[in-house]
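Novice: Note that the protein sequences, when read in sequence, are chains A and B.
Following this note's numbering, the numbering of the first sequence begins with -15 at its first residue and continues without gaps.
Following this note's numbering, the numbering of the second sequence begins with -7 at its first residue and continues without gaps.
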Amino acid sequence: MVNEMRASRADYYRVLADRLPANALVVTSLGNASYLWAAMHHAPENFYFEDAMGLALPLALGLAVAQPDRPVFVVEGDGALMMHMGSLVTVGAVAPGNLTVLLIQNGVHAASGGQALTSAKLDLAALARAAGIGQAENVATPEAFASAMGTPPLGDGARFLVLSTRPDPEVVNPPIAFDPVLTKHRFMAALGVPRYVPTMFGGGRLEGR
Amino acid sequence: MATSGEKVADLHRPSEILDTLKRLGFGVAIAVPDSWLGEILVQIEAEPSIRLIRATHEEEALAIACGSRLGGVRTAMFVQNAGLLSMGAGMVSLAQRYQFPLLMLVSYRGTVEDPVFYHVPKGRVTEPVLQGIGLSYARADRHSPLGPQVERAATYAEEASCPFALLLSQEDVQW
Chain A
-15 MVNEMRASRA DYYRVLADRL PANALVVTSL GNASYLWAAM HHAPENFYFE DAMGLALPLA
45 LGLAVAQPDR PVFVVEGDGA LMMHMGSLVT VGAVAPGNLT VLLIQNGVHA ASGGQALTSA
105 KLDLAALARA AGIGQAENVA TPEAFASAMG TPPLGDGARF LVLSTRPDPE VVNPPIAFDP
165 VLTKHRFMAA LGVPRYVPTM FGGGRLEGR
Chain B
-7 MATSGEKVAD LHRPSEILDT LKRLGFGVAI AVPDSWLGEI LVQIEAEPSI RLIRATHEEE
53 ALAIACGSRL GGVRTAMFVQ NAGLLSMGAG MVSLAQRYQF PLLMLVSYRG TVEDPVFYHV
113 PKGRVTEPVL QGIGLSYARA DRHSPLGPQV ERAATYAEEA SCPFALLLSQ EDVQW
């Protein structure tokens, strides 16, 4: 739920950077969700979206399924969620205990300049619970977010924290190049996932499979 | 693969798909069903080596598949060609932009062989749309065993670092 004295995205990101588990993987949605996180906490284990609005949450779901031993955090926006609300249902059904959704609720399409949302004041935690995500709550302040991050997840399905946030339509200049293929390769190298061995070298398989 | 003495007609083509995915080490399948895909998805659900995820929309399914492949697992998608039409933005700005190798197994509705008339509008635009968005694809050859065709499609996806769609007829995919 949005409230009157909303904190900034950076306030929440400072908490996230402080409390992030050492082996965590982080997926960030388009715009400042990625630019600011890269400025504050760039790491190979970050997967930055440059566009593809609404698809950070389902991508993080697939990642959480493929990497069940790594905590996966995804920063998604309220406008992006509305584009693929069905993702909530899939997250509820798959119920990955290693996935934490951080939903920036700022009430606008911030990444494209602050245009109005279809609906700015939804109770998104209630929506998530109705979709089968039991651990869903509205978070009003960075202090409450810090407290939630300090509480171990129940491991029974995903966690869904709705962060009431001030809009930030001014674009943050990221300190790194946002080359999508580089982002992917850096991330996969950090994970140490098996390499595909081409058929001409006797492969046609992932290494070790 | 069929031996020289084996007739193509002797092979159960949907089983060839499943057997090939298992042999190649596919660990995840993401699906949005249609009437042709219904039963093969039930068979995959019963297969311990492959995790089936049922998505609500094909563009969402595409993003889940990208995430699974990002996490190091070979990933297949099962969708109808209607889904190829509705996932266009995610295809170009996520799957192709980040070069995710994905095997897409597609029930190809609305061709002259499909008795359901309302699929025709999708059938007649599918291949022009795939060409327009630059999605590599092939139509499965019904006169050849299907398993090797699935393997070649999967190999193409990996070695070209892009999604590849194999368009399947009813006898190819309906269990």
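Just so it is clear, CB atoms sit at the ideal spot from N, CA and C, and this is done for glycine as well.
Keep in mind the model is a prediction, meaning the values are calculated, not measured.
Chain B beta carbons: is any one of them nearer than 9 angstroms to that of A/Tyr19?
Specialist: Chain B contact via Cβ: absent.
Novice: Determine the DSSP secondary structure at B/Arg46, reduced to helix, strand or coil.
Specialist: Reduced to three states, the DSSP call for B/Arg46 is strand.
Novice: Looking at C-alpha atoms only, which residue of A/Asp(-5), A/Ala27, A/Met(-11) is the closest neighbour of A/Lys168?
Specialist: A/Lys168 has its Cα closest to that of A/Ala27, out of A/Asp(-5), A/Ala27, A/Met(-11).
Novice: Can you tell me whether DSSP reads B/Phe92 as helix, strand or coil?
Specialist: Here B/Phe92 sits in coil by DSSP.
Novice: Using a Cβ-Cβ cut-off of 9 angstroms, state whether B/Met(-7) counts as contacting chain A.
Specialist: Interpretation of B/Met(-7) is limited by its pLDDT of 46, a score under 50 that renders its predicted location unreliable; the figure taken from the coordinates is listed afterwards. It does not; no Cβ of chain A falls within 9 angstroms.
Novice: Among residues of its own chain, excluding the 5 on either side of A/Ala(-9), which ones have a beta-carbon nearer than 7 angstroms to its beta-carbon?
Specialist: Thr125, Pro126, Thr149, Arg150, listed in sequence order.
Novice: If you measure from the beta carbon of A/Thr125 to each beta carbon in chain B, is any gap under 9 angstroms?
Specialist: No, A/Thr125 lies away from the interface with chain B (no Cβ there is under 9 angstroms from its Cβ).
Novice: Measure how close the beta-carbons of B/Met69 and B/Ala57 come, nearest whole angstrom, since I'm counting them as under 8 angstroms.
Specialist: B/Met69 to B/Ala57, Cβ: 5 angstroms. Contact.
Novice: Would you call the region 112 to 132 of chain A and the region 73 to 83 of chain A in contact, with 3 or more CB pairs under 8 angstroms?
Specialist: These segments touch.
Novice: Please report the distance separating the alpha-carbon of B/Val121 from that of A/Ser131.
Specialist: Roughly 49 angstroms separates the two Cα atoms.
Novice: Please report the straight-line C-alpha distance between B/Pro140 and B/Ala157, rounded to a whole angstrom.
Specialist: Spanning the two alpha carbons is a distance of roughly 15 angstroms.
Novice: Which class does B/Ala130 belong to by DSSP, given the choice of helix, strand or coil?
Specialist: B/Ala130 falls in the strand class under three-state DSSP.
Novice: May I ask you to list, following chain order, the residues of the region 64 to 86 of chain A that have a beta carbon less than 8 angstroms from some beta carbon of chain B?
Specialist: Listed in sequence order: His68, Gly70, Ser71, Val73, Thr74, Ala77, Val78.
Novice: Rounding to the nearest angstrom, what Cα-Cα distance links A/Leu45 and A/Pro52 in this structure?
Specialist: Straight-line Cα distance between these residues: approximately 10 angstroms.
Novice: Within its chain, find whatever has a CB closer than 8 angstroms to the CB of B/Leu77; leave out the 5 residues flanking it on each side and keep chain order.
Specialist: Here the set comprises Lys114, Val117, Thr118, Val121.
Novice: Is the separation between the beta-carbon of A/Asn157 and that of A/Ala17 shorter than 9 angstroms?
Specialist: No, the Cβ-Cβ distance between A/Asn157 and A/Ala17 is not below 9 angstroms.
Novice: Is DSSP giving A/Tyr207 helix, strand or coil here?
Specialist: The structure shown does not extend to residue 207 of chain A, since chain A spans only -15 to 193, so no value can be given for it.
Novice: In the DSSP assignment, what residue or residues form a beta bridge with A/Thr262?
Specialist: The question about residue 262 of chain A has no answer, for chain A in this structure spans -15 to 193.
Novice: Run down chain B in chain order and give the residues with a C-beta less than 7 angstroms from the C-beta of A/Tyr180.
Specialist: The answer, in chain order, is Glu150.
Novice: Do A/Ala40 and A/Gly63 have their beta-carbon atoms positioned less than 9 angstroms apart in this structure?
Specialist: Going by C-beta atoms, A/Gly63 is not nearer than 9 angstroms to A/Ala40.
Novice: Please report the residue range of the beta strand (DSSP E) in which A/Val11 lies.
Specialist: Residues 9 to 12.
Novice: Could you have a look at A/Leu138 and say whether DSSP puts it in helix, strand or coil?
Specialist: The answer is coil: DSSP assigns A/Leu138 none of H, G, I, E or B.
Novice: Just the Cα atoms here: how many angstroms apart are B/Thr(-5) and B/Leu138?
Specialist: In this prediction, B/Thr(-5) has a pLDDT of 49, which is less than 50 and means its spatial position is unreliable; nothing more can be read from the coordinates.
Novice: Under the three-state reduction of DSSP, which class applies to A/Ser131: helix, strand or coil?
Specialist: Three-state DSSP puts A/Ser131 in a helix.
Novice: Which one or two residues does DSSP pair with A/Tyr180 in a beta bridge?
Specialist: In the DSSP output, where bridge partners are listed per residue, A/Tyr180 has A/Leu190.
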